[in-house]
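Visitor:
Protein chains: 2
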Amino acid sequence: MAVLGALSIAPMTGYAVREQIRETLGHFWSESFGQIYPALAEFERLAMIERLDTGDSRSSPFAITDQGTARLRELLAGEPQQPKPRNGLMLRLFFGRQLGPEACRELVLSARAQAESQLAHMQDARNDLAKDTDLDDDAPYILLTISAGEHGATASIAWADEALRAIESLAAQKAQPRPHATFTEERP
Amino acid sequence: MAVLGALSIAPMTGYAVREQIRETLGHFWSESFGQIYPALAEFERLAMIERLDTGDSRSSPFAITDQGTARLRELLAGEPQQPKPRNGLMLRLFFGRQLGPEACRELVLSARAQAESQLAHMQDARNDLAKDTDLDDDAPYILLTISAGEHGATASIAWADEALRAIESLAAQKAQPRPHATFTEERP
DNA sequence: CTCGCCATGTAAAGGGTTACATGATTCT
DNA sequence: AGAATCATGTAACCCTTTACATGGCGAG
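So, in structure tokens, the structure goes:
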């Protein structure tokens, strides 16, 4: 789906397909050469894509055919099955007691930094999209995904800040565990 | 890591490990029997866990040993590598032009419903956690993950609402495409 | 008694990444 | 000339899920 989709935006080589997916879909999707080249071969066999004959010797990009577009629409129309979640950060925090507050703090800080960088990347993408007039037709849809990235990153940052406060109060509590609270309470 | 972590909270059978992971970590992690039982066998071989001898014939839960706890800490301390993202919803929206506004609207609506249900689930988890006094030590850390789930779900809902407005204006624009704009402009 | 759940496993198949091999072209 | 990048592939390996096989036990 990703490969056909990439070719539906512009003809390109397999190498370029991967670059495009990395650059524009990097936060939502990824494909490796081991997937892309066999897929291209299969699609060509099924006449869903065809090699363009440019005068250029070194590059012969693929273009999507009508059959390919039809197949892409079919695939897009299928139910999106979300893969089993595997969030290493959350797994570690869940068992954070074994790790201790300091290590957890590091984890959250690093997650915050990542979210911050994702946010910046999304804003770059927004600017690039505005400039690229070739993408006018796709732009409204691509904007939806950029907006999702922004919302997600912003939420991560807000969560991280909240979590950092919680962890600090946790560490403080541990270092100085309610000095004689029960005793003072018992004093009349 | 997930299996040792589960056993670090309480001794339980392999079956129960899976139930626990599904119920409490479901939004962040998942394991199948095909992973859990071989892992348990290996851990037992390495003396990281041991079978408890309850009088009960049908259930002999595993308990984590000191070596197991040490290994768990080692694993938790490792860098969390986030897996390659695979977000079917975003992939579809990115190529949404091929799908059309209506289908995209359905996708976003369904995502919104999912986020709504996740939010409810997180609030349940919060309540359950407050009740369960066995988890007092782990609770502060578990709360971090619950909070992350809430932030994420809330962000998804906000994004979905924004996206729905964008899609509607897109559909309206398509249905009624600027009637004769260029002609009227050219008239003196 | 039978159905469904608890419980334990295993083998096959699928999906995917990594690493390697190869060569042309372009840049320095 | 040498390094980096573009470009295409492939094979091994790894992780994981799925499906099946098996059996004890409790409830209706």
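As given, the protein sequences belong to chains Z and U, one line each in that order.
Quick note on numbering: the first sequence equals residues 5 to 192 in our numbering.
Quick note on numbering: the second sequence equals residues 5 to 192 in our numbering.
Every residue gets a Cβ at the ideal spot worked out from N, C-alpha and C, and that includes glycine.
I'd like to know whether the C-beta atoms of Ala164 (chain Z) and Arg116 (chain Z) end up nearer to each other than 8 Å.
Guide: Contact: yes.
Visitor: Who are the neighbours of Lys88 (chain Z) on chain U, taking C-beta pairs under 9 Å?
Guide: The contacting residues are Trp33, Ser34, Glu35, Ser36.
Visitor: Use the C-beta contact count for Glu189 (chain Z): other C-beta atoms within 10 angstroms, 16 or more gives buried, fewer gives exposed.
Guide: The pLDDT assigned to Glu189 (chain Z) is 47, lower than 50, so where the model puts this residue is not dependable; a value taken from the coordinates is nonetheless given after this. Flag for Glu189 (chain Z) reads exposed.
Visitor: Between the beta-carbon of Gln102 (chain Z) and the beta-carbon of Ala157 (chain Z), is there less than 8 Å?
Guide: It is not a contact, given that the beta carbons lie outside the stated cut-off.
Visitor: From the DSSP output, in three-state form, read off Glu83 (chain U) for me.
Guide: Glu83 (chain U): coil per DSSP, three-state reduction.
Visitor: So what does DSSP say about Arg191 (chain Z), is it helix, strand or coil?
Guide: In this prediction, Arg191 (chain Z) scores a pLDDT of 47, lower than 50, which makes its location untrustworthy; no coordinate-derived value is stated.
Visitor: Is Arg96 (chain U) close to chain Z, meaning its C-beta is less than 8 Å from at least one C-beta of that chain?
Guide: For Arg96 (chain U), the answer is yes, since a Cβ of chain Z falls inside 8 Å of its Cβ.
Visitor: What residues are listed by DSSP as bridge partners for Ile68 (chain U)?
Guide: According to DSSP, which records beta bridges pairwise, Ile68 (chain U) is partnered with U:Ile53.
Visitor: Output needed for Thr58 (chain Z): all residues of its chain with C-beta closer than 8 Å, excluding positions within five of it in sequence on either side, in chain order.
Guide: Answer for Thr58 (chain Z): Ser64, Pro65, listed in chain order.
Visitor: When you compare each of U:Ile25, U:Leu111, U:Leu168, U:Gly153 to Asp128 (chain U) by their alpha carbons, which one comes out closest?
Guide: Ranking the options by Cα distance to Asp128 (chain U), first place goes to U:Gly153.
Visitor: Since Met52 (chain Z) and Gln71 (chain Z) are thought to touch, with beta carbons under 8 Å apart, how far apart are those beta carbons, to the nearest angstrom?
Guide: About 5 Å; that satisfies the 8 Å criterion.
Visitor: Does DSSP put Met5 (chain U) in a helix, in a strand, or in coil?
Guide: Met5 (chain U) falls in the coil class under three-state DSSP.
Visitor: If the criterion is Cβ atoms closer than 8 Å, does the pair Glu35 (chain U) and Ala6 (chain U) meet it?
Guide: Yes, the Cβ-Cβ distance between Glu35 (chain U) and Ala6 (chain U) is below 8 Å.
Visitor: In the DSSP assignment, find the alpha helix (DSSP H) that holds Thr158 (chain U) and state where it starts and stops.
Guide: Start and end: 143 to 179.
Visitor: Evaluate contact between the stretch 15 to 22 of chain U and the stretch 36 to 47 of chain U, counting only Cβ atoms and requiring at least three cross-stretch pairs below 8 Å.
Guide: Touching, per the Cβ criterion.
Visitor: Output needed for Leu56 (chain U): all residues of its chain with C-beta closer than 8 Å, excluding positions within five of it in sequence on either side, in chain order.
Guide: Only Pro15, Ser64, Pro65, Phe66, Ala67 meet the Cβ criterion.
Visitor: Among U:Leu8, U:Leu93, U:Leu133, which one has its Cα closest to the Cα of Ser232 (chain U)?
Guide: With chain U represented from 5 up to 192, any question about residue 232 (chain U) goes unanswered, as that position is not in the structure.
Visitor: Specify, as a first and last residue, the run of the alpha helix (DSSP H) that Arg96 (chain Z) falls within.
Guide: Where Arg96 (chain Z) is concerned, the enclosing alpha helix (DSSP H) stretches over 92 to 98.
Visitor: Can you tell me whether Ala159 (chain U) is buried or exposed, with buried defined as 16 or more other CB within 10 angstroms of its CB?
Guide: Under this definition Ala159 (chain U) is a buried residue.
Visitor: What is the rounded straight-line gap between the Cα of Phe99 (chain U) and the Cα of Gly9 (chain Z)?
Guide: Cα to Cα, the separation comes out at about 6 Å.
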